[in-house]
Amino acid sequence: MRPAPKRCAERGSYGRTSGWARKGRGDGVLDERKAVRSWILYDWANSAFATTVMAAVMPTFYGSVAAVGLAEGRASAYWGFTQTTAAIVVALLSPLLGAIADHTGGKKKFLAFFTWLGALASCGMFAIGEGDWLLASVLVVIGMVGFGAGNTFYDALLNDVASPSRRERVSARGFAAGYLGGGVLLAVNLALILAPGTFGIPDKTMATRISFFSVGLWWLLFSLPLFRNVKEPKPHAAKAEPAARLFMTGVRRLRDTLAGIKRYPELFKFMVAYWFFFDGINTIIVMATSYGTDIGLEQQHLIAALLLTQIVGFPATWLFGKLADRLGGFKMLYAALTVYLVIVVLGYFMTNAAHFYALAILVGLVQGGAQSTSRAIYSKLIPPDRTAEFNGFLSFSSRFFSLAGPLAFAVVGLATGSSRPAILAISAFFFIGIALLATVNYKKGCEEAATRS
Numbered sequence: 075m076r077p078a079p080k081r082c083a084e085r086g087s088y089g090r091t092s093g094w095a096r097k098g099r100g101d102g103v104l105d106e107r108k109a110v111r112s113w114i115l116y117d118w119a120n121s122a123f124a125t126t127v128m129a130a131v132m133p134t135f136y137g138s139v140a141a142v143g144l145a146e147g148r149a150s151a152y153w154g155f156t157q158t159t160a161a162i163v164v165a166l167l168s169p170l171l172g173a174i175a176d177h178t179g180g181k182k183k184f185l186a187f188f189t190w191l192g193a194l195a196s197c198g199m200f201a202i203g204e205g206d207w208l209l210a211s212v213l214v215v216i217g218m219v220g221f222g223a224g225n226t227f228y229d230a231l232l233n234d235v236a237s238p239s240r241r242e243r244v245s246a247r248g249f250a251a252g253y254l255g256g257g258v259l260l261a262v263n264l265a266l267i268l269a270p271g272t273f274g275i276p277d278k279t280m281a282t283r284i285s286f287f288s289v290g291l292w293w294l295l296f297s298l299p300l301f302r303n304v305k306e307p308k309p310h311a312a313k314a315e316p317a318a319r320l321f322m323t324g325v326r327r328l329r330d331t332l333a334g335i336k337r338y339p340e341l342f343k344f345m346v347a348y349w350f351f352f353d354g355i356n357t358i359i360v361m362a363t364s365y366g367t368d369i370g371l372e373q374q375h376l377i378a379a380l381l382l383t384q385i386v387g388f389p390a391t392w393l394f395g396k397l398a399d400r401l402g403g404f405k406m407l408y409a410a411l412t413v414y415l416v417i418v419v420l421g422y423f424m425t426n427a428a429h430f431y432a433l434a435i436l437v438g439l440v441q442g443g444a445q446s447t448s449r450a451i452y453s454k455l456i457p458p459d460r461t462a463e464f465n466g467f468l469s470f471s472s473r474f475f476s477l478a479g480p481l482a483f484a485v486v487g488l489a490t491g492s493s494r495p496a497i498l499a500i501s502a503f504f505f506i507g508i509a510l511l512a513t514v515n516y517k518k519g520c521e522e523a524a525t526r527s
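First residue of the sequence shown: 75, per my numbering; consecutive thereafter.
#1: Mark Glu242 as exposed unless 16 or more other C-beta atoms lie within 10 angstroms of its C-beta, in which case mark it buried.
#2: Considering only their Cβ atoms, is the gap separating Ser285 from Val131 smaller than 8 angstroms?
#3: Cα separation between Gly528 and Gly370?
#4: If I follow the unbroken alpha helix (DSSP H) through Ser297, where does it start and stop?
#5: From the DSSP output, in three-state form, read off Glu522 for me.
#6: What would DSSP say about Met424, mapped onto helix, strand or coil?
#7: How should Asp277 be labelled, buried or exposed, when 16 other C-beta atoms within 10 angstroms of its C-beta is the threshold for buried?
#8: For Asn356, which three-state DSSP category applies?
#9: Around the C-beta of Ala124, are 16 or more other C-beta atoms found within 10 angstroms, so that it is buried, or is it exposed?
#10: Entirely within the region 416 to 465 and at least 4 residues each: give me those alpha helix (DSSP H) ranges in chain order.
#11: According to DSSP, is Gly224 part of a helix, a strand, or is it coil?
#12: Just the Cα atoms here: how many angstroms apart are Leu194 and Ala201?
#13: Return the CA-CA distance between Leu510 and Phe504, expressed in angstroms with no decimal places.
#14: Going by Cα to Cα distance, which pick from Tyr408, Thr391, Tyr452 is closest to Arg247?
#15: Do Ile417 and Ile508 count as a contact pair if the criterion is CB distance below 8 angstroms?
#16: Can you look up Gly205 in the DSSP assignment and give me helix, strand or coil?
#17: For Gln373, is the classification buried or exposed, using 16 other Cβ atoms within 10 angstroms of its Cβ as the cut-off for buried?
#18: Just to confirm before moving on: does the CB-CB distance between Glu463 and Asp206 stay below 8 angstroms?
#19: For Val486, which residues from the same chain have a beta carbon less than 6 angstroms from its beta carbon, with the 5 sequence-adjacent residues on both sides left out?
#20: How should Lys529 be labelled, buried or exposed, when 16 other C-beta atoms within 10 angstroms of its C-beta is the threshold for buried?
#21: What does a CB cutoff of less than 6 angstroms around Leu213 pick up in its chain, not counting 5 residues either side in sequence?
#22: Can you give me the Cβ contacts of Ala450 inside the same chain, cut-off strictly under 6 angstroms, excluding the 5 residues immediately before and after it?
#23: For Tyr338, does the count of other Cβ atoms within 10 angstroms reach 16, so buried, or fall short, so exposed?
#24: Roughly how many angstroms lie between the CA atoms of Val142 and Glu204, to the nearest whole one?
#25: Which residue wins for smallest C-alpha separation from Trp153, given the options Val215, Leu191, Glu106?
#26: Could you spell out where the alpha helix (DSSP H) holding Glu242 opens and where it closes?
#27: What would DSSP say about Gly274, mapped onto helix, strand or coil?
#28: Rounded to whole angstroms, what is the Cα-Cα separation between Lys336 and Ile174?
#29: Terminal residues of the continuous alpha helix (DSSP H) containing Ser492?
#30: Could you spell out where the alpha helix (DSSP H) holding Tyr152 opens and where it closes?
#31: Take Thr159 as the anchor and find which of Ala512, Ala129, Phe474 has the nearest alpha-carbon.
#32: If you draw a straight line from the C-alpha of Gly395 to the C-alpha of Ala145, how long is it?
#33: As a quick exercise: from Ala478, Ile114, Lys343, Tyr452, pick the residue whose alpha carbon is nearest that of Gly354.
#34: For a quick check, are the C-beta atoms of Ala251 and Leu115 less than 8 angstroms apart?
#35: So for Pro480, helix, strand or coil by DSSP?
#36: Could you check the C-alpha separation between Leu300 and Met322 for me, to the nearest Å?
Encoded structure:
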């Protein structure tokens, strides 16, 4: 394994183009701190959608209320189609819109659009009643597009709020805030749903609809500081351009990026490694509930484990960022991926709810850290004037590659007749990801990004 590389130096065009460049002490330092806090707060804002809508409440509500009356198996099939549709739309939109955003200096504008889109869709879920599976599917797709596409531009703004030496810590604080914010609102919403009469709500269905509405309000309210306090670099476009010209400019920039990726070999090696280990992480996330159900765990244990992951994830990710700042992002990423290998092996032997809770704690210890550190490392390997474009390209490529993990899980499960070998098979994605990560020359990659943009 290659020794852990040194950190990227603060050099090249970062200081010229990014909003974090200090012009002196005093107000400039205060503005930078305010921008960082505002950027972090957005993760607190939109993570409520991930926990309440995507993970804990909507999947159950969709099958038991929105899809009531459908033939057996239809609800699960329609829910699967809904998820797939949203993923494809986000994957196709992100690279092109990212290229346009970099050209126009419009990352905040695109983020604002998708924030409103997702938040309004969440509020609109209040209208879903029995049998409204089509309305539910449409709103979930719109909400997931707002969430997923918005994250592309949110991640790209990391370069504008934090210097290279601080990105591990700032990125981790964003994920930590997301764990806390998503967990707080989820806990409140679960209390409403489980004991609606205590709060003067007539039934669980109404409480669930109110919880969806609360997500939209939460998302909008806590995203406002970012739009007020985060600054962007000046755009390449000197003046407003017609939509058709902007579209063609975006296509051209995207084509140039794909053709010129060979100019950034270390970035490309990191991306390939990321595809593998991120798919392993993603498969654990999306298949955990299914695996728990297969071994006989009840619904309340699965939801409790999700809350436990949120509770552990907040302090763990915060600490992870500090350690990455001190020891280096690569060392901590290796450590996190090693823990994931342990999780997969222990998952093979899991038999009861206590084991599931223990694994939820382990996931909470490293999930946010692995994702935040990857985001920070990637931000230093990409050209500073094409951050949205490259984040969009990573979103596009990783979403399509992420089909491999669940597919491997399904194939091995069908071939063996058990989910246990299937969960063990996911270890291959981590082994390959770690091996490829060891080939990345981090310092050289940072220099390529700073000098070849």
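Positions of the beta carbon are idealized from the N, C-alpha and C atoms, including for glycine.
According to the data block:
#1: buried
#2: yes
#3: Summary: the structure shown does not reach residue 528, with the chain confined to residues 75 through 527, and so no result is reported for it.
#4: 278 to 303
#5: helix
#6: coil
#7: exposed
#8: helix
#9: buried
#10: 427 to 455
#11: helix
#12: 12 angstroms
#13: 10 angstroms
#14: Thr391
#15: no
#16: coil
#17: exposed
#18: no
#19: Pro495, Ala496, Ala499
#20: Any property of residue 529 remains undetermined from this structure, which presents the chain solely from 75 to 527.
#21: Ala195, Gly198, Met199
#22: Arg241, Glu242, Ser245, Gly403
#23: buried
#24: 6 angstroms
#25: Val215
#26: 241 to 268
#27: coil
#28: 22 angstroms
#29: Premise fails: Ser492 is in no alpha helix (DSSP H) and is neither H nor E.
#30: 148 to 178
#31: Phe474
#32: 48 angstroms
#33: Ala478
#34: yes
#35: helix
#36: 29 angstroms
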